[in-house]
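To get this note's numbering, take the position in the sequence shown, counting from 1, and add 740.
Here a beta-carbon is modelled for each residue, glycine too, at the ideal position from N, C-alpha and C.
For clarity, every value in this text was computed on a predicted model and none was experimentally measured.
Scroll down for the structure; my scribbles are underneath it.
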Amino acid sequence: MMQTAVAQESPIASQKGHPKGLPVLFATEMWERFNFYGMRALLTLFLVNALAFSEADSSIIYGGFLGLCYLTPMLGGYISDRYLGNRNCIILGGFVMGVGQLLMVLSGVLYATNVETAKMIVWLALFILIIGNGFFKPNISSMVGQLYPKNDSRLDSAFTIFYMGINMGAFLGMSICPILGDVKIEATGVRVVSAFKWGFLAASIAMFLGTILFYFLKDKYVVTPTGEAIGGKPDFSKSTGTTVTGEADKAKFTSTAIFSVLALMVVLFFGIHYLSIDPNPIKSWVYPFIYAAGISLAVLILTDKSITKVERQRIIVIYFVAFFVIFFWACFEQAGSSLTFVADYQTDRRIFGWDMPPSLVQNANSIFIIVFALPFSFLWLKLQQRNLEPISPAKQSLGLALLAIGFFIIAWQMKGLGANEKIGVSWLILMYLFHTLGELCLSPIGLSLVAKLAPHRFSSLLMGVWFLANAAGYALAGTLGALLPPTMDKFELATKNGIDLKGILDGTITATAQQLDKLHELKLAAHYPTFAGFTIHNLYEFFMVFVILPGTAAVLLFLSTTFLKKWMHGVR
């Protein structure tokens, strides 16, 4: 199960089928993703409609929450590798997340009578969900890799199947939770805000169900071919310092390295904080912490005295690819913030006479994943058998390019949109098709890449480092989502209050102090958003940001595949 630190390794021949532990991990992850994505579909709408946050603030909270959810796996991976083991961390994390969702239910009950108390409970709930996710996420993914020998050619296929489980859970969560929680009265179009709690309750039930399932099935099925438990507590008492394949079995960090990395984290934190000072505390304090902690922890791994040259180069490949993945998730995760608001206010969601809930539109991604995951798994296996399979970074550059194409489709539709016109929901669905194809080329392949390149002693921690790219991407997603310019409903709301919002934004009229106060009360901005020195006047310009970022990343990553292939030392 360990890979030897040698210069070249040939892929291990595939055995027929997959281990019986894969369906158990598939189902456990499916119910956890039901919990996560079901709640994610409702979060920004709940913050805006029940707790009276602005759309910009809710996007930043959304990005901060997701970012921390993917930063804490660094800590969860470390605790697993050194103390508790994968199994215990999965059970602990699942139970904690179930409790967090129950607190979201409580907030959904109390908001009508005491909104400030409801806000405090939401902050506590999000904190608990972040901690629980940190224990759960890196360990479930790490265990998939441990079911197979290192460099087994079935790994890409296994992670693609596992990824289908993730998205089956996402599909169920983003179907059931919005149907229960995102309810509008058909005759008036008024949202029933009190219904949000039922969506959160469904998410909680799913999380407890997945945790119980894993608890009872893990001992029988999540084992090696010889029947040994996978993911148990690490035991260093009988350690000889190396595994049977010659790889060190325990990291060796010096006190100097640890204190140096801590100092680096402090410097990075205050440096990034200084560059991103913002009235919103999440953007000015939480986001810098995500970036600084992630970079510092990644550096810490490289200070391990037991790392060989080949291991170091393979770890650097993980970091290099993870950097480009940041831009994928920063754009992809607009699904839960800006794209949800566009679906709510700027989209004709009628399909065969049915007005689709805006939080349900993003579920097209999950449906496409379920449809295309197995064909993609089959495609990689067939290409591998014919020695035509591209290396993982090449697949991921294709994923970034497909994401850019999806956003270009929606940007082009927005370009010719009239003042009172909406786009058809079919264009959003087409966009999600391209996003899904890109996701299948990038995300499960990335999980497989980490499983194949990571030294065993860092298996969970490096999976956490990979999720660091998600963390940074989600934090950036919050920043980018807050750039959403006013949609049709904002201009209509301003007009109803006697304010020419377009004139104020364009600078053709000067707003009075009374008008500015009213705009603040209505949570409407009096100026266009800006990004990298450019002013974003409309939705076309907004979506072109999401064409340029992943498109550029795709080209740069593809051009780097030659040196990455060399440093992967035979791993594809």
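A direct Cα-Cα distance of roughly 18 angstroms separates leucine 1114 from tyrosine 1172. The criterion of a C-beta distance shorter than 7 angstroms is not satisfied by phenylalanine 776 and methionine 844. Within the same chain, no Cβ atom closer than 6 angstroms to the Cβ of phenylalanine 1063 is found once the five residues on either side in sequence are excluded. Where aspartate 1246 is concerned, the enclosing alpha helix (DSSP H) starts and stops at 1241-1246.
Counting C-beta pairs with one atom in each stretch, the segment 792-810 and the segment 1207-1223 have three or more that are closer than 8 angstroms, which means they touch.
The continuous stretches of alpha helix (DSSP H) do not include glutamine 1102, and DSSP gives it neither H nor E. Of the candidates Phe835, Asp892, Ile952, Thr1275, the residue whose Cα lies closest to the Cα of isoleucine 868 is Phe835.
If you look at serine 1036, you'll find it in the alpha helix (DSSP H) that goes 1027-1042. The beta carbon of alanine 1194 sits closer than 6 angstroms to the beta carbons of Leu1202 from its chain, once the five residues preceding and following it are set aside; these are given in chain order. Beta-bridge partners of threonine 1275 (DSSP): Thr1270. Within its own chain, the residues whose Cβ lies closer than 7 angstroms to the Cβ of asparagine 1105, once the five positions on either side in sequence are excluded, are Ala1075, Tyr1172, His1175, Thr1176, listed in chain order. For glutamine 1255, the uninterrupted alpha helix (DSSP H) segment begins and ends at 1253-1261.
Cβ contact annotation for leucine 864 (same chain, cutoff 7 angstroms, sequence separation greater than five): Leu843, in chain order. Under the three-state reduction of DSSP output, isoleucine 1163 falls in the strand class. Here the C-alpha atom of isoleucine 1169 lies approximately 14 angstroms from the C-alpha atom of phenylalanine 911.
In the displayed model, aspartate 1084 falls within a helix according to three-state DSSP. Residue state for aspartate 892 is assigned as strand, using DSSP reduced to three classes. Taking all protein chains in view, the Cβ of valine 1001 is crowded by 16 or more other Cβ atoms within 10 Å, so the residue is classified as buried.
For glycine 1093, no alpha helix (DSSP H) run applies, since DSSP gives it neither H nor E. Judged by DSSP in its simplified three-state form, valine 855 adopts helix. Distance between valine 1057 and isoleucine 1131, taken at the CA atoms: about 12 angstroms.
Contact annotation, phenylalanine 902 with phenylalanine 993: C-beta distance approximately 31 angstroms; criterion of less than 8 angstroms not satisfied.
Assigned with DSSP and collapsed to three states, lysine 760 falls in coil, not helix or strand. Spanning the alpha carbons of serine 1183 and valine 1061 requires a straight line of approximately 11 angstroms. Secondary structure at valine 962: coil, using DSSP grouped into helix, strand and coil.
Threonine 1301 is positioned such that its CB atom lies closer than 7 angstroms to that of proline 1133. Counting only runs of at least 3 residues, the segment 916-958 fully encloses no beta strand (DSSP E) element at all. Residue pairing by DSSP places alanine 969 opposite Val963 in a beta bridge.
When the Cα atoms are used, tyrosine 961 and phenylalanine 999 turn out to be separated by approximately 42 angstroms. Tyrosine 810 sits in coil when the DSSP states are folded into three classes, being neither helix nor strand.
Non-local C-beta neighbours of proline 1225 in its own chain, meaning closer than 7 angstroms and more than five positions away in sequence, comprise Tyr1268, Pro1269, Ile1276, His1277, Asn1278, Leu1279, Phe1282, ordered along the chain. Taken atom to atom, the span from the alpha-carbon of leucine 1015 to that of phenylalanine 1148 is near 30 angstroms. Distance from the CA atom of proline 1098 to the CA atom of alanine 969, rounded to whole angstroms, is 44 angstroms. At least 7 angstroms separates the beta-carbon of threonine 951 from that of glycine 874. It is roughly 10 angstroms from the alpha-carbon of glycine 971 to the alpha-carbon of threonine 964. The closest CA to that of tryptophan 1206, considering only Thr1250, Ile1249, Tyr1059, is found on Tyr1059.
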